[in-house]
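Visitor: Have a look at this one before I ask anything.
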Amino acid sequence: MMYRLLLSLFTTGLALLSLPSLGAGSWVASDTGPRVALANVAVHSSPLAPPSPVAGNREITSVTWRYSLPHTARQRVAVRLCHPHRCLPLHGERGSTEELAGLSAGLPLRFDFRLTTPGPAVQTRGLQVIVNYREG
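Sequential numbering of the sequence shown, starting at 15, is according to the numbering used here.
Pasting the structure below:
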């Protein structure tokens with residue numbers, strides 16, 4: 015009898031551990047990226063939005079990003095990751111941040127690119143964000 019009770023408690027505990035955290039989740043969005051041609055003029059990517067609506071009051075916990083620039087252009091392109099309520103300067107082609115934590119996870123993000131010096135146009139590529147969120 016005691017064996018069955020312990021087995022039942024153990025099985026129930028394992029089942030609870032395998033449940034996802036209620037209210038937590040993530041979404042991923044990608045885009046090819048815009049062409050940046052003029053110095054000191056910001057060019058916005060297409061909105062990177064959740065593929066399906068994020069229900070309820072979900073808040074960002076962290077964002078992972080990546081983009082690609084031609085090697086020869088990396089020193090002359092300033093990049094920001096923007097939420098409708100805040101923008102962050104990015105200092106590398108990939109990374110992760112918690113600086114957007116607390117903002118709505120259901121709103122789109124975008125990349126802003128700006129040439130810091132005149133020169134040939136630059137084609138950005140491989141834009142991607144992964145937004146992690148939780149119940150607010």
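Cβ coordinates follow ideal geometry from the N, Cα and C atoms, glycine included.
1) Whole angstroms are fine: how far does the CA of residue 122 sit from the CA of residue 96?
2) Counting only the same chain and skipping the five closest in sequence on each side, list residues whose C-beta sits under 6 Å from that of residue 50.
3) If contacts are defined as beta-carbon pairs under 8 Å, then residue 148 and residue 70 qualify, I think. What distance do you get, rounded to the angstrom?
4) Within 10 angstroms of the Cβ of residue 64, are there 16 or more other Cβ atoms? Answer buried if so, exposed if not.
5) Verify whether the separation of the beta carbon atoms of residue 62 and residue 139 is less than 8 Å.
6) What number of angstroms, rounded off, separates the C-alpha of residue 43 from the C-alpha of residue 132?
7) Can you find the residues in the same chain that come closer than 7 Å, C-beta to C-beta, to residue 107, ignoring five residues on each side of it along the sequence?
8) In the DSSP assignment, find the unbroken beta strand (DSSP E) run with residue 111 in it and report its ends.
9) Which two residues bound the contiguous beta strand (DSSP E) that contains residue 97?
10) From the DSSP output, in three-state form, read off residue 78 for me.
11) From what residue to what residue does the beta strand (DSSP E) around residue 129 run?
12) I need the DSSP call for residue 43, collapsed to helix, strand or coil.
13) Please classify residue 144: does DSSP put it in a helix, a strand, or coil?
Guide: In brief:
1) By one-based count along the sequence shown, residue 96 stands at place 82. By one-based count along the sequence shown, residue 122 stands at place 108. As the crow flies, the alpha-carbon of residue 96 is around 9 Å from that of residue 122.
2) Against the sequence shown, residue 50 aligns to sequence position 36. Hits under 6 Å: 57, 127, 129, 136.
3) One-based indexing of the sequence shown puts residue 148 at position 134. One-based indexing of the sequence shown puts residue 70 at position 56. Not quite, the Cβ-Cβ distance comes to about 11 Å (not below 8 Å), so this is no contact.
4) For the purposes of this step, residue 64 is taken as residue 50 along the sequence shown, with counting starting at 1. It counts as buried.
5) Within the sequence shown, residue 62 is the residue found at index 48, counting from 1. Within the sequence shown, residue 139 is the residue found at index 125, counting from 1. No, these two residues do not count as a Cβ contact at 8 Å.
6) Mapped onto the sequence shown, residue 43 falls at position 29. Mapped onto the sequence shown, residue 132 falls at position 118. Spanning the two alpha carbons is a distance of roughly 31 Å.
7) Taking the first residue of the sequence shown as position 1, residue 107 is located at position 93. Taken in chain order, the residues that qualify are 80, 81, 82, 83.
8) Taking the sequence shown and counting its residues from 1, one reaches residue 111 at position 97. It spans 108-111 - the beta strand (DSSP E) in which residue 111 sits, taken as one unbroken run.
9) Here residue 97 is taken as the residue at index 83 of the sequence shown, counted from 1. Segment 91-97, the beta strand (DSSP E) holding residue 97.
10) In the sequence shown, the residue the question calls residue 78 occupies position 64. Residue state for residue 78 is assigned as strand, using DSSP reduced to three classes.
11) The residue given as residue 129 occupies position 115 in the sequence shown. Per DSSP, residue 129 belongs to the beta strand (DSSP E) from 124-129.
12) Position 29 of the sequence shown, counting from 1, holds the residue named residue 43. Strand at residue 43.
13) Position 130 of the sequence shown holds residue 144. Residue 144 falls in the strand class under three-state DSSP.
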